[in-house]
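Going by our numbering, the letters in the sequence shown line up with residues 261 to 627, in that order.
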Amino acid sequence: MADTVSLLRRLILESPPGEWAINQLRELLIGALKQGPIPQHVAFEMDGNRRYARSRRMETVEGHHRGFEALARIMEICYKCGVKVVTVYAFSIENFNRPKYEVEGLMQLAKVKLEQLTTYGDILDRYGACVRILGQREMIRDDVLEVMDRAVARTKHNNKAVLNICFPYTSRAEMTTAIRSTVQEFLSPTPPKNTPFSPSRIRQKILSGQLDGRDLLPTIPDEALDDGEYEGKDIDDGDDNDSSESATLPPGSPEPRLLSRSGSYGSTTLPNPDNITVDTIERHIYTADDPPLDLFVRTSGVERLSDFMLWQCHQDTHIFFRKCLWPDFDLKDFIWVLLEWQWRQKQSDREKPSGRAGTVKARSMME
Ligand SMILES: CC(C)=CCC/C(C)=C/CC/C(C)=C/COP(=O)(O)OP(=O)(O)O
Numbered sequence: 261m262a263d264t265v266s267l268l269r270r271l272i273l274e275s276p277p278g279e280w281a282i283n284q285l286r287e288l289l290i291g292a293l294k295q296g297p298i299p300q301h302v303a304f305e306m307d308g309n310r311r312y313a314r315s316r317r318m319e320t321v322e323g324h325h326r327g328f329e330a331l332a333r334i335m336e337i338c339y340k341c342g343v344k345v346v347t348v349y350a351f352s353i354e355n356f357n358r359p360k361y362e363v364e365g366l367m368q369l370a371k372v373k374l375e376q377l378t379t380y381g382d383i384l385d386r387y388g389a390c391v392r393i394l395g396q397r398e399m400i401r402d403d404v405l406e407v408m409d410r411a412v413a414r415t416k417h418n419n420k421a422v423l424n425i426c427f428p429y430t431s432r433a434e435m436t437t438a439i440r441s442t443v444q445e446f447l448s449p450t451p452p453k454n455t456p457f458s459p460s461r462i463r464q465k466i467l468s469g470q471l472d473g474r475d476l477l478p479t480i481p482d483e484a485l486d487d488g489e490y491e492g493k494d495i496d497d498g499d500d501n502d503s504s505e506s507a508t509l510p511p512g513s514p515e516p517r518l519l520s521r522s523g524s525y526g527s528t529t530l531p532n533p534d535n536i537t538v539d540t541i542e543r544h545i546y547t548a549d550d551p552p553l554d555l556f557v558r559t560s561g562v563e564r565l566s567d568f569m570l571w572q573c574h575q576d577t578h579i580f581f582r583k584c585l586w587p588d589f590d591l592k593d594f595i596w597v598l599l600e601w602q603w604r605q606k607q608s609d610r611e612k613p614s615g616r617a618g619t620v621k622a623r624s625m626m627e
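Structure, rendered in structure tokens:
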């Protein structure tokens, strides 16, 4: 009896009028959701593909294929609602440790699907979304990398939305890369030298002013100052008989510290680590150009972040764990996440008017 009911249900839902009715209902729901605030940046940890495959006695790789179909559905819902950036965890660096046939299956899947996804007229073009691949490029083999680069190039012109595909990625690798490039930037500053506004010229001017132009001042090369040669030393080293080799100041003058450890331009060899702020690192994070992460969703019931979006999860990111396996994830599940997010936004708006600072920043960034 139960079998007959489920067969009947399937026949109705999969018939053309049934499909039409479902599509109408989906559009209606999305239209209703759009009446409220919409997260600008959503991340999905698409978990549960293998368990889905196992429970249906399918090949593991087939589970990942179904996972991709779920991604295509969810992406469309997001962009229709007005989400600007969708970030997905498609391949973790740890996934290289899986059986060879599964890794190979995921690489093939990435190649085929990225080719399809970026063919003119597909979802991405429809919503003006460009593809970005975030992760350790050097770990991707050449044939896959070629397809990925082509996908990025083909969608480069799209500027309304973004699909970030993390592949192969872990947050710790991302942060390590960001710190490494921050340090590289700090170690290779381009100080403006020998210009009317160079540090040594400015210091010379100040000193000349204090000396009323009585003495001829020596030239203090920027390099010498930058090397820290003069740091902490008095200009007047106490030897009154010193010749014009030292720039003497009138008695009672405050002792200037010639070398300010100003970081980017003041010193080439001694950058000031205090100048490295959250914003500095942020500029080197893969999602630097994206709005702050408003919503993080992980499926399959596992309640961990598993090295995904560790930097991006800030105090206003809402994290949702859902029991449903990723290939089953659809509007029927996502709608509850979005409704709860909207409800929480309204609550925090009511509690503190600036409660949605992240979202407001996101709006202004994308406009
Ligand atoms: C090109 C592109 C964007 C492809 C996306 C395809 C896709 C959905 C990839 C996810 C792969 C993955 C490791 C999922 C985690 O589930 P799991 O395998 O760990 O499943 P389990 O938790 O049941 O073991």
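For every residue, glycine included, the Cβ atom is placed at its ideal position computed from N, Cα and C.
These numbers were taken from a predicted model, which means no experiment stands behind them.
Remark: the shortest separation between the CB of arginine 311 and any heavy atom of ligand 1 falls under 8 Å.
If you ignore the 5 residues before and after methionine 435, its C-beta comes within less than 8 Å of the C-beta of Ile541, Ile545, Leu570, Trp571, all in its own chain and listed in chain order.
Fewer than three pairs of CB atoms, one per stretch, sit closer than 8 Å, so the segment 327-335 makes no contact with the segment 401-414. In this structure, the beta-carbon distance from valine 265 to isoleucine 298 does not fall below 9 Å. Per DSSP, the unbroken beta strand (DSSP E) holding threonine 347 starts and ends at 345-349. Annotation for tyrosine 380 indicates a beta carbon at 8 Å or more from all heavy atoms of ligand 1.
With a cutoff of 8 Å, asparagine 355 counts as near ligand 1, since its C-beta is closer than that to a heavy atom of the ligand. If you draw a straight line from the Cα of threonine 378 to the Cα of leucine 394, it is about 17 Å long.
Considering only Ala438, Leu289, Gln444, Val391, the residue with the shortest C-alpha distance to cysteine 426 is Val391. Taking all protein chains shown into account, leucine 267 has fewer than 16 neighbouring C-beta atoms within 10 Å of its C-beta and is therefore exposed. The distance from the Cβ of alanine 389 to that of threonine 415 is about 7 Å, consistent with a contact at the 8 Å cut-off. The way I'd put it, the segment 543-557 does touch the segment 301-318; three or more beta-carbon pairs between them come closer than 8 Å.
Below 8 Å, too few C-beta pairs join the segment 437-446 and the segment 580-594 to call them touching: fewer than three. Between leucine 366 and methionine 408, the gap from beta carbon to beta carbon reaches 9 Å or more. Checking the DSSP bridge columns, you'll see histidine 301 partnered with Val345.
Separation of isoleucine 353 and tyrosine 429 (C-alpha to C-alpha, rounded to the nearest whole angstrom) is 5 Å.
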